[in-house]
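See structure below.
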Amino acid sequence: MGSFPRLSLLAFVAFALSVYAGLTPIRTRDGNGGQQVWLPGQKQQIAYGTPRTETSYKSYSPDTFVEASIVSVFIPLPASAGTHPPECDYLSYIRYRHVDGPKNSLEADRVISFIPGTIAGAGSFDQVARSSIFYADENHQQKIEVWALDRRANCLEDNTGAVAAVEQQDAQLGFDYYYNKKEINGRSFAGFRQNGDADLEFLAEQGVEQTIEDWYDLVLKELPDQGFRTKNHYISGHSLGGPLAASFSNFDKDGNANTTADAGYNQHAGTIGYDTVVDPHFGPELPDAFKAFDFILKPIVEGGFDLAQAGFKSGVLPRSLLTALPIVLNSEATTFLQLVGAAAQIKPKEEAPIKTFPRTPTIVSAAQFFFSRYLTNFITFTPSAFNLRATNEALLGAILSDRTQGFGFLQVSCGFGAGGAIQERQFPVGYNDLQDLDTSNMSAIKPLLEALPSGSPYPLAVPTDAGPLGLGDGPLYTWLNYNEISADGGNVAKANNGKPFMNASNEVTDIAELARSISEIPLDFTEHYYATRTTTDYLFAAFGSDQALGRTTVHPNGFKARPIINLVGSEGLAIGGGFGDLGNHVVLDGYNHLDVIQAARNQTLGRKELSSISTADFVSKLGQGVLP
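If you're matching positions, the sequence shown starts at 5 in my numbering and goes up one per residue.
Next comes the structure, spelled out in structure tokens:
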């Protein structure tokens with residue numbers, strides 16, 4: 005992360021969106037005047053200021069050896085944070101533990117705390133969390149815990165509808181909650197938040213320093229024994245979570261470099277990166293030739309940082325990446341993904357009610373964008389994506405599959421479609437246009453080009469048979485799960501080059517478990533109001549800002565003080581150098597960016613699921629940091 009190629013798509017998107025000039029948590033007061041709040045997983049409001057809650061949730065996971073619960077801890081924001089809902093004075097995480105393990109976290113053999121990447125939520129870690137617990141017990145006879153953390157901005161979400169839909173096995177319940185004003189447990193949906201809403205003001209302060217301090221404070225509150233933390237607590241992160249984990253190690257609570265007991269690296273025994281590099285230097289770095297002009301450039305960079313902060317606080321700039329765009333990718337789109345996931349979990353083989361989906365600008369534009377073969381299809385809405393027919397699991401798979409989804413950071417190797425014509429897509433970039441481009445003299449931007457929509461190292465597909473124009477009575481598309489793809493790809497459609505779009509070696513994630521983890525967990529798969537500043541802080545720091553990262557730079561080499569391992573997908577974002585030197589790492593063959601934290605425990609072709617096995621091995625060796 006010391007040169008321009010280290011600028012990932014996620015950082016690029018944040019930087020691009022930051023040049024652009026909801027969802028309301030319900031708040032009431034009881035009869036005694038006490039403030040009441042909704043916390044994740046709760047069926048009723050609780051009194052504001054309640055120190056801690058822990059609530060189990062209904063899970064349809066086959067892993068009965070795992071006990072999963074939602075923990076919320078009262079850790080108020082500082083007064084300087086700005087306007088925010090009272091729910092945002094709590095930090096929440098998913099606590100995974102072995103059912104035969106101790107109830108007290110301080111008695112666990114190991115505790116892993118995990119922070120997700122850009123626009124991802126705690127639920128994205130569900131599969132590797134469960135499998136790591138399995139392998140720690142199976143291979144090392146250790147009962148470990150895994151904590152998947154939500155960043156504070158997740159307090160703005162209302163996952164009531166999606167969670168209730170899965171709990172009651174009724175997908176329509178979720179649609180009714182978000183679109184038809186149906187109440188659930190006395191709660192009603194207040195709408196998707198807009199960038200200028202007053203309660204989003206606090207996102208301007210949710211940068212790297214506040215994010216790390218939240219993580220730090222939560223760990224110290226939940227694991228008050230420093231001796232335990234330094235020997236048995238491990239930190240980890242996916243994607244942008246790699247730099248965040250490094251920043252945790254570099255953090256110092258009191259800002260004094262001479263008092264190291266409170267240093268971040270003294271609160272854990274080691275660090276795990278998932279399709280990332282554990283290094284705080286994220287984003288582009290000025291060439292050496294420019295450093296001679298630092299006395300000129302630094303005031304410009306610092307001025308830019310101050311200007312961006314003013315823009316975030318005022319709402320002129322997008323406070324969240326998902327309030328930057330009015331269509332395609334925003335908080336409504338991530339909520340809709342939950343509902344699609346819920347339907348795929350409940351009735352995977354049943355036809356999705358695509359024709360009756362809400363026709364909001366977001367859903368219409370997103371559907372047409374992801375299901376258009378050519379630019380003309382997108383512009384003319386012909387054929388309409390709403391005329392396609394697909395089972396619920398086929399719809400989810402077509403949105404996220406590594407051979408249909410163009411954005412690298414959203415790709416999951418979860419199988420492939422069947423039942424109708426599937427052809428190579430040419431929109432928005434097209435495989436051949438990019439692959440035929442001579443990039444030998446374009447090393448600085450090659451990783452960025454490869455991460456752009458459809459700028460993929462392999463052909464991408466799209467279902468193309470919607471039946472006679474406007475009728476919507478074409479074939480019903482179905483789904484081949486990861487373990488149903490033949491070894492040679494013989495049961496998969498072919499790309500323009502005459503080869504199957506994929507074969508069994510490319511597929512590692514179970515569509516059923518993906519659907520479940522997207523929909524059933526009160527701390528869900530995505531972060532609907534991800535704070536733009538969390539990413540732009542790293543970008544300003546890369547250009548030389550001294551104020552962007554705050555106390556996370558007090559110990560600049562703190563991240564090197566403890567063992568590190570990076571687990572990277574062979575088809576992910578880190579392998580191409582987008583995050584920097586991989587260091588001590590394991591390459592996971594066939595894995596895409598999200599597979600590294602979503603892969604199924606039971607693999608095909610005689611392979612083992614090395615992401616969770618490597619995690620269990622690493623933490624079970626008391627910080628040795630070297631796998632056998």
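For every residue, glycine included, the Cβ atom is placed at its ideal position computed from N, Cα and C. In this text, all values refer to a predicted model and were calculated from it rather than measured experimentally.
Could you pull the DSSP bridge partners for residue i from this structure?
i	result
phenylalanine 420	Leu484
serine 96	Ser76
glycine 241	Ile119, Gly277
serine 523	Beta-bridge pairing links serine 523 to no other residue.
arginine 114	Ile148
leucine 633	The structure shown does not extend to residue 633, since the chain is modelled only from 5 to 632, so the question has no answer here.
serine 60	Ser73
isoleucine 188	Arg191
glutamate 355	Thr395
serine 324	Ala535
For a quick check, are the C-beta atoms of residue i and residue j less than 8 Å apart?
i	j	result
isoleucine 515	glycine 419	yes
glutamine 39	proline 106	no
asparagine 596	valine 416	yes
aspartate 218	isoleucine 79	yes
threonine 395	proline 362	no
phenylalanine 563	alanine 552	no
valine 70	isoleucine 116	no
valine 132	serine 615	yes
threonine 311	threonine 536	Reading off the sequence shown, one finds leucine at residue 311, where the question assumed threonine. For leucine 311 and threonine 536, no; Cβs fall outside 8 Å.
leucine 475	phenylalanine 431	no
aspartate 541	valine 212	yes
alanine 53	lysine 317	The sequence shown places glycine at residue 53, rather than the alanine named in the question. In this structure, lysine 317 does not lie closer than 8 Å to glycine 53 by Cβ.
glycine 587	asparagine 570	yes
serine 490	leucine 609	no
Going by alpha carbons, who is nearest to residue i out of the options?
i	options	result
alanine 314	Ala208, Gly259, Phe232, Pro291	Ala208
threonine 366	Glu355, Leu341, Ala348, Ala356	Leu341
proline 291	Phe583, Gly548, Ile116	Gly548
serine 369	Tyr181, Phe390, Glu354	Phe390
arginine 555	Leu586, Thr539, Gly268, Pro330	Gly268
leucine 177	Ala347, Thr327, Leu527, Thr59	Ala347
glycine 125	Thr538, Phe529, Tyr100	Phe529
alanine 250	Val623, Pro567, Asp130, Ala112	Pro567
leucine 636	Asn270, Ile601, Ala112, Val320	Here the chain has residues from 5 to 632 only, and residue 636 is not among them.
leucine 527	Arg429, Val167, Glu205	Val167
serine 618	Ile98, His102, Tyr139	Tyr139
alanine 578	Asn163, Arg56, Tyr278, Cys159	Tyr278
glycine 494	Thr538, Pro463, Leu95, Ala422	Ala422
threonine 408	Thr364, Pro463, Val623, Ala371	Pro463
isoleucine 216	Ala546, Pro228, Thr538, Arg429	Thr538
alanine 638	Asp104, Lys235, Gly307, Leu160	Beyond the ends of the chain as shown, which are 5 and 632, falls residue 638; an answer cannot be given.
glutamate 187	Ala546, Gly410, Asn199, Asn163	Asn163
threonine 338	Arg101, Ala273, Ser128, Val466	Ser128
Skipping 5 residues on each side, what residues in its chain have a beta carbon closer than 7 Å to that of residue i?
i	result
phenylalanine 373	Val332, Phe382
threonine 557	Asn254
aspartate 492	Asn507
tyrosine 534	Thr122, Ile123, Ala157, Ser324, Leu325, Leu326
valine 512	Ser417, Tyr486, Gly594, Tyr595, Asp599, Ala603, Ala604, Gln607
aspartate 437	Confidence at aspartate 437 is low in this model, with a pLDDT of 49, below 50, so its placement is unreliable and no value can be given for it.
isoleucine 30	Low per-residue confidence applies at isoleucine 30: pLDDT is 35, beneath 50, and the placement is therefore not dependable enough to give any value.
threonine 264	Asn270
glutamate 517	Gln131, Ala604
glycine 35	Any answer about glycine 35 is weak, because its pLDDT of 35 lies below 50 and its placement is not dependable; what the coordinates show is given next. Nothing meets the Cβ criterion.
alanine 565	Ser253, Tyr269
phenylalanine 206	Leu81, Ala85, Gly86, Thr87, His88, Cys92
Suppose the cutoff is 8 Å on Cβ atoms and the five residues either side in sequence are ignored; what does the same chain contact list for residue i look like?
i	result
glutamine 48	Asn189, Gly190
lysine 62	Val170, Glu171, Glu524
lysine 225	Val77, Ile79
glycine 37	Only weak support is given to the placement of glycine 37: the predicted model assigns it a pLDDT of 44, under 50, and the value that follows is read from those uncertain coordinates. Within the same chain, glycine 37 has no close Cβ partners at all.
aspartate 477	Arg393, Gly471
Counting only the same chain and skipping the five closest in sequence on each side, list residues whose C-beta sits under 6 Å from that of residue i.
i	result
leucine 248	Ile119, Gly241
glutamine 427	Thr468
phenylalanine 299	none
glutamate 397	Ala348, Pro352, Trp483, Ile515
proline 387	Ala470
lysine 612	none
lysine 625	none
valine 75	Glu58, Tyr97, Arg99
When the Cβ atoms of the region 565 to 574 are set against those of the region 589 to 608, are three or more pairs found closer than 8 Å? Yes: the two stretches touch, three or more of their Cβ pairs being nearer than 8 Å.
Contact between the region 111 to 120 and the region 153 to 168 is defined here as three or more beta-carbon pairs at a separation below 8 Å; is this criterion met? With a cut-off of 8 Å, the region 153 to 168 and the region 111 to 120 count as touching, because enough Cβ pairs lie within range.
Given 8 Å as the limit, is there contact between the region 183 to 194 and the region 229 to 247, that is, 3 or more CB pairs closer than that? no
Any chance the region 143 to 151 sits against the region 167 to 184, with 3 or more Cβ pairs inside 8 Å? no
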